[in-house]
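Take a look at the structure set out below.
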Amino acid sequence: MDALASKAAVEKWPIERLRPYERNSRGHSAEQIEQIAASIRQWGWTMPILAADDGMVLAGHGRLAAGKLLGMTRVPVIIARGWSDQQNRAYVMADNRLTDASDWDDEMPQLELTHAKRRLRVET
């Protein structure tokens with residue numbers, strides 16, 4: 712498999728051309744999809760969906776659902792060109808598991824919130 716990053720280009724695809732991977736082990740609640748949609752409304756679409764040549768979503772199922780919820784007709788996509796079905800499935804599994812190994816710093820969100828509040832007071 713060639714390194715995707717070496718030839719990745721973001722394309723705009725019709726949303727109906729994309730289809731979720733039917734064996735995806737991760738699911739998104741309606742509440743989470745609403746949160747993703749709110750994030751897209753606030754900051755725009757910051758991370759493309761990764762899809763196979765045939766439109767099967769490899770990463771970004773929640774973003775796809777949020778795009779549909781927002782009524783979008785075209786969404787940013789990076790295509791994993793030339794990957795085999797086995798490589799596609801392996802990537803979906805790896806992508807779903809990789810973030811599970813990360814740690815969460817319980818103090819950092821509070822520090823960020825405090826910093827943001829201070830900045831708001833200074834700017835107003």
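Residue 763 in this note's numbering sits at position 52 of the sequence shown; the count goes up by one each step and never skips. Where a beta carbon is used, it is the ideal one built from N, C-alpha and C, also for glycine. These figures come from a predicted structure and were not determined experimentally.
Rank the options by C-alpha distance to the C-alpha of residue i and give the top, closest one.
i, options, result
"isoleucine 760", "Ala801, Asp816 and Glu722", "Glu722"
"aspartate 806", "Leu781, Ala720, Asn735 and Asp796", "Asn735"
"aspartate 764", "Arg728, Gln743 and Met819", "Arg728"
"serine 750", "Leu831, Arg730 and Ala776", "Ala776"
"glutamate 733", "Gly766, Gln753, Leu824 and Ala720", "Gly766"
"alanine 719", "Gln753, Met758, Pro731 and Ala741", "Met758"
"proline 731", "Trp794, Arg752, Arg800 and Gly793", "Arg800"
"methionine 783", "Gln797, Arg752, Arg792 and Leu809", "Arg752"
Excluding sequence positions up to five away, which residues of its chain have a Cβ less than 6 angstroms from the Cβ of residue i?
i, result
"tryptophan 756", "Pro787"
"tyrosine 802", "Leu769"
"glycine 778", "Ile726 and Val786"
"leucine 781", "Ala748"
"tryptophan 724", "Val788"
Could you give the DSSP three-state label for residue i: helix, strand or coil?
i, result
"alanine 770", "strand"
"glutamate 745", "helix"
"tryptophan 756", "coil"
"arginine 734", "coil"
"leucine 824", "helix"
"arginine 829", "helix"
"leucine 729", "coil"
"lysine 723", "strand"
"arginine 785", "strand"
By Cβ distance below 8 angstroms, which residues in the same chain neighbour residue i in space, the five residues on each side in sequence not counted?
i, result
"glycine 773", "His739, Gln743, Ile744 and Ile747"
Could you check if residue i is buried or exposed, using at least 16 other CB atoms within 10 Å of its CB as the buried criterion?
i, result
"glycine 771", "buried"
"alanine 741", "exposed"
"alanine 762", "buried"
If I measure Cβ to Cβ from residue i and keep anything under 7 angstroms in the same chain, skipping five residues before and after, which residues do I get?
i, result
"arginine 792", "Asp764"
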